[in-house]
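If you read the sequences in order, they're chains A and B.
Residues in the first sequence are numbered consecutively from 208, following the working numbering.
Residues in the second sequence are numbered consecutively from 15, following the working numbering.
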Amino acid sequence: MNIIGYITDIFKGVISLLKGMKVTGSYFFRPWTVVTQKYPENRKKLEMYERMKGEIVMPHNAKNEHKCTGCGICELNCPNGSIEIITFQLVSEDGKKKRAIDKHIYRIGMCTFCGLCVKTCPSKALSFAPNFEHAVFSRERLTKILNKEGSVLEKGVEG
Amino acid sequence: MVEEIQKTIDTEEEYTINMGPQHPSTHGVLRFVVSLKGELVKNVQPHCGYIHRGIEKMCEKITYPQIIHLTDRMDYLSAHINNAAVCLTVENALEIEMPERVKYIRTIIEELSRIASHQLWWCAFGMDLGGLTCFFYGLRDREKILDIFEESTGGRLIQSYNCPGGLMNDIHPNFQQKVKDFIKYFRKVLPEYDQLLTGNVIFQERAKKVGYISKEEAINFGLTGPSGRGSGFACDVRKRAPYHMYGKVDFKEVLYTEGDTLARYKVRIDEMWESMKIIEQLIDNIPAGDYAVKMKPIIKLPEGEYFQRVESARGEFDVFIISDGNKNPYRIKFRSPNLVNLTAINAMSKDHKIADLVAISGSLDLVIPCMDR
Ligand code: SF4
Ligand code: SF4
Chain A
208 MNIIGYITDI FKGVISLLKG MKVTGSYFFR PWTVVTQKYP ENRKKLEMYE
258 RMKGEIVMPH NAKNEHKCTG CGICELNCPN GSIEIITFQL VSEDGKKKRA
308 IDKHIYRIGM CTFCGLCVKT CPSKALSFAP NFEHAVFSRE RLTKILNKEG
358 SVLEKGVEG
Chain B
15 MVEEIQKTID TEEEYTINMG PQHPSTHGVL RFVVSLKGEL VKNVQPHCGY
65 IHRGIEKMCE KITYPQIIHL TDRMDYLSAH INNAAVCLTV ENALEIEMPE
115 RVKYIRTIIE ELSRIASHQL WWCAFGMDLG GLTCFFYGLR DREKILDIFE
165 ESTGGRLIQS YNCPGGLMND IHPNFQQKVK DFIKYFRKVL PEYDQLLTGN
215 VIFQERAKKV GYISKEEAIN FGLTGPSGRG SGFACDVRKR APYHMYGKVD
265 FKEVLYTEGD TLARYKVRID EMWESMKIIE QLIDNIPAGD YAVKMKPIIK
315 LPEGEYFQRV ESARGEFDVF IISDGNKNPY RIKFRSPNLV NLTAINAMSK
365 DHKIADLVAI SGSLDLVIPC MDR
């Protein structure tokens, strides 16, 4: 290689490096383009998208009623056994026996957030909630009971 | 005895080292056993299977809608494309025609995943070769796509948005506007990628004429996706066997003939432009209609064999199902583009420096969980 080619190569190389530096430099002088979020500090202002698959919840209304009839379809559809339904026989005033939910057990540690339980539930009793802070100190706390204490089936929902 | 083995391994001619399983440049648990002569690579022996989970076997026990969420976890960077492949196979087997709306949305999200995947590849590749800035810029732009995904599908990396028969839920009302904003933004930002890395002299020196593979060899090895197209092998399934909307949109199959690392790099950069072109053609015309057709609660495929090819971000992803008429497949086989692309690494890296092995394996864009399944 001749000496002139060698020197032009060096100059070309330096110019290419400067081009790249121009890009980074231009961002350096435009601090409003920064998109980094300061996570634990901005916790209060943090807004997640409403559809975010954070965890499965069972929405209850103001009278502590849910829509789960205990049919067990979600348990059947869950690919990894994250859901377990425990039911009991409820005897109403006129002596009719009816199935009711005792415990809707949800193991978030096993859940893969596939969404099949939410999709297949015939009475739309489950939904996703955008809560993503699931770190806990003991493994037992990853097993949740979705129906609240003392809650009953909403009127008009048939199983 | 030990000394003898030691002698045969560490002769003056060649010695053997391990690269991986925990090596930052393999982006996963992949182990290369590299034979070196001085600094020159003589032989590369990839060892995979470190995160083998038996996904294909697991699929034999579960129903078709449940398979979808496992395919997410193979090639997690093109999760949506893998989902769509299984859904297409099931839908074709049942001979159900999808509504136009589903096809449009699937195509748009597939192309968005392709862009997101190439962005992540770009930043990881830049970082492997020493350009840390790339990593930040690539992730910054990818974040915008992930936000679009999250708003409509609920998932960021893995979406599980497809189900046999359509989509899990309809797109968010903001979807179209956000995608258009993103395209506008990314058209401005993508040239920066070139200024930052493509023209960079250090990068050029490390990528040009490194890891050459000829077209004949590429076909012999079965290289697909950007890795194959960098050698001039026209293997884009979107063109060869169109599915979804790809038969009706206008886009170019990016081909380079150099066959080196730089060519594979350029294919991916150009593919991002093409993907944007595809999205722009579709985003304004999403037809109204259902986002899913009603399926039976238990899907049973008729007895037989079903096959579907799709183009994932890394190459040709195939699904092959043998059904015996039950609600779960008798046997399911996925063709992972990564595993096939990996086979060419020995031929590519022969007589290159060991540092070039990082560039070569990076240019193949390997996703290890897809390889091991
Ligand atoms: S949550 Fe829905 S699917 Fe599950 S048991 Fe209750 S009603 Fe049935
Ligand atoms: S989201 Fe999927 S894995 Fe999680 S509980 Fe529901 S069905 Fe099971």
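Think of the CB as a built atom: it goes at the ideal place given N, C-alpha and C, for glycine as much as any other residue.
Fill in: Contact list for the stretch 196-225 of chain B against chain A, Cβ threshold 7 Å
The stretch 196-225 of chain B vs chain A, Cβ under 7 Å: Glu206, Gln209, Leu210, Gly213, Asn214, Val215.
Note to self: Give me the chain B residues within the contact set of phenylalanine 320/A, using Cβ-Cβ distance strictly less than 9 Å, ordered along the chain.
What the structure shows: If you number the first sequence from 1, residue 320/A lands on position 113. The contacting residues are His83, Gly168, Gly169, Ile172, Ser174.
### Task
Over the uninterrupted beta strand (DSSP E) stretch that includes arginine 323/B, give me the two end residues.
In the second sequence, the residue the question calls residue 323/B occupies position 309. Its beta strand (DSSP E) spans residues 318-326.
Residue range of the unbroken beta strand (DSSP E) whose run includes arginine 349/B: One-based indexing of the second sequence puts residue 349/B at position 335. Under the DSSP assignment, arginine 349/B falls in the beta strand (DSSP E) whose first and last residues are 345-349.
Check: If serine 241/B sits next to asparagine 355/B, beta carbons under 8 Å apart, how far is it from one beta carbon to the other, in whole angstroms?
Finding: For the purposes of this step, residue 241/B is identified with residue 227 of the second sequence, where counting begins at 1. For the purposes of this step, residue 355/B is identified with residue 341 of the second sequence, where counting begins at 1. Sure, about 5 Å apart at Cβ, within 8 Å.
Check: Quick one: does the C-beta of threonine 77/B sit closer than 7 Å to a heavy atom of ligand 4?
Finding: You won't find ligand 4 in this model; what it holds is ligand 1 and ligand 2.
Which residues in chain A have a C-beta closer than 8 Å to the C-beta of glutamine 80/B? List them in chain order. For the purposes of this step, residue 80/B is identified with residue 66 of the second sequence, where counting begins at 1. In chain order: Asn284, Pro286, Cys321, Leu323.
task = Decide yes or no for the touch test of the stretch 131-144 of chain B against the stretch 60-74 of chain B: beta carbon pairs closer than 8 Å, at least 3 of them.
result = Under the Cβ criterion (8 Å, minimum of three pairs), the stretch 131-144 of chain B does not count as touching the stretch 60-74 of chain B.
Assumed close pair proline 178/B, valine 104/B - CB separation to whole angstroms, cut-off 8 Å
By one-based count along the second sequence, residue 178/B stands at place 164. By one-based count along the second sequence, residue 104/B stands at place 90. Distance from proline 178/B to valine 104/B at the Cβ level is roughly 4 Å; contact confirmed, criterion being Cβ atoms closer than 8 Å.
For threonine 212/B, which of helix, strand or coil comes out of DSSP? Along the second sequence, read from residue 1 onward, the residue named residue 212/B stands at position 198. Three-state DSSP puts threonine 212/B in a helix.
Practice task
From the DSSP output, in three-state form, read off cysteine 157/A for me.
Solution key: Since the first and last residues shown for chain A are 208 and 366, residue 157/A lies out of range.
Tell me whether glutamine 322/B is buried or exposed, calling it buried when 16 or more other Cβ atoms sit within 10 Å of its Cβ. In the second sequence, counting from the first residue as 1, residue 322/B sits at position 308. Buried: at least 16 other Cβ atoms inside 10 Å.
| request: Tell me whether histidine 311/A counts as near ligand 1, meaning its Cβ is closer than 7 Å to at least one heavy atom of that ligand. | output: Translated into positions along the first sequence, residue 311/A becomes position 104. True, at least one ligand heavy atom lies under 7 Å from that Cβ.
*Based on the DSSP secondary-structure assignment, which residues constitute the bridge partners of glutamine 296/A?*
Locating residue 296/A in the first sequence gives position 89, counting from the first residue. Answer is Arg306/A.
Taking 7 Å as the line, does the beta carbon of alanine 332/A fall inside it for any heavy atom of ligand 1? Looking up residue 332/A in the first sequence gives position 125. Yes - ligand 1 has a heavy atom lying nearer than 7 Å to the Cβ of alanine 332/A.
Review point. From Arg45/B, Ser49/B, Ile129/B, pick the residue whose C-alpha is nearest to that of serine 326/B; which is it?
Key: Working through the second sequence from its first residue, we reach residue 326/B at position 312. Nearest of Arg45/B, Ser49/B, Ile129/B to serine 326/B, Cα basis: Ile129/B.
So, helix, strand or coil for proline 329/A, using DSSP? Start at 1 with the first residue of the first sequence, and residue 329/A comes out as number 122. Reduced to three states, the DSSP call for proline 329/A is coil.
### Simplified DSSP assignment, three categories, for phenylalanine 320/A
In the first sequence, residue 320/A corresponds to position 113, counting from 1. Coil.
Cβ of isoleucine 65/B versus every heavy atom of ligand 1: is any distance shorter than 7 Å?
-> Here the question's residue 65/B lines up with position 51 in the second sequence. Using a cutoff of 7 Å, the CB of isoleucine 65/B does not count as near ligand 1, since none of the ligand's heavy atoms is closer than that.
Range of the contiguous alpha helix (DSSP H) that encloses phenylalanine 200/B
By one-based count along the second sequence, residue 200/B stands at place 186. It spans 189-207 - the alpha helix (DSSP H) in which phenylalanine 200/B sits, taken as one unbroken run.
request  = Please check if any C-beta of chain A sits within less than 8 Å of the C-beta of methionine 182/B.
outcome  = The residue labelled residue 182/B in the question sits at position 168 within the second sequence. Yes, methionine 182/B lies at the interface with chain A (some Cβ there is under 8 Å from its Cβ).
Residues that glutamate 74/B contacts on chain A, provided the C-beta gap is smaller than 9 Å
The residue you call residue 74/B lines up with position 60 of the second sequence. For glutamate 74/B, there are no C-beta contacts with chain A under 9 Å, since the nearest C-beta of that chain is about 13 Å from it.
How about glycine 261/B and proline 113/B: do their beta carbons lie closer than 8 Å? Translated into positions along the second sequence, residue 261/B becomes position 247. Translated into positions along the second sequence, residue 113/B becomes position 99. Going by C-beta atoms, glycine 261/B is not nearer than 8 Å to proline 113/B.
Counting beta carbon pairs with one atom in the stretch 73-90 of chain B and one in the stretch 270-288 of chain A, are three or more of them shorter than 8 Å? Contact holds between the stretch 270-288 of chain A and the stretch 73-90 of chain B, because three or more Cβ pairs, one in each stretch, are under 8 Å apart.
request  = Report whether the distance from the Cβ of phenylalanine 320/A to the nearest heavy atom of ligand 2 is below 7 Å.
outcome  = Taking the first sequence and counting its residues from 1, the one referred to as residue 320/A is at position 113. Taking 7 Å as the cut-off, one finds at least one heavy atom of ligand 2 near enough to the beta carbon of phenylalanine 320/A.
Within 8 Å, strictly: CB atoms of glycine 168/B and methionine 317/A: As a first step, residue 168/B is located in the second sequence; it is residue number 154 there, counting from the start. As a first step, residue 317/A is located in the first sequence; it is residue number 110 there, counting from the start. No, these two residues do not count as a Cβ contact at 8 Å.
- Should the stretch 292-306 of chain B be called in touch with the stretch 187-204 of chain B, which here means at least 3 C-beta pairs below 8 Å? Per the Cβ contact rule, the stretch 292-306 of chain B is in contact with the stretch 187-204 of chain B (3 or more Cβ pairs under 8 Å).
*When the distance is taken between beta carbons, is methionine 265/A closer than 8 Å to proline 337/A?*
Looking up residue 337/A in the first sequence gives position 130. Looking up residue 265/A in the first sequence gives position 58. In this structure, methionine 265/A does not lie closer than 8 Å to proline 337/A by Cβ.
Which residue marks the beginning of the beta strand (DSSP E) containing phenylalanine 334/B, and which one marks its end?
What you label residue 334/B is simply residue 320 of the second sequence in a count that begins at 1. Counted as a single uninterrupted DSSP element, the beta strand (DSSP E) harbouring phenylalanine 334/B occupies residues 329-337.
- Quick one: list the residues of chain A neighbouring threonine 147/B, beta-carbon separation under 7 Å, in chain order. Within the second sequence, residue 147/B is the residue found at index 133, counting from 1. Result: Thr231.
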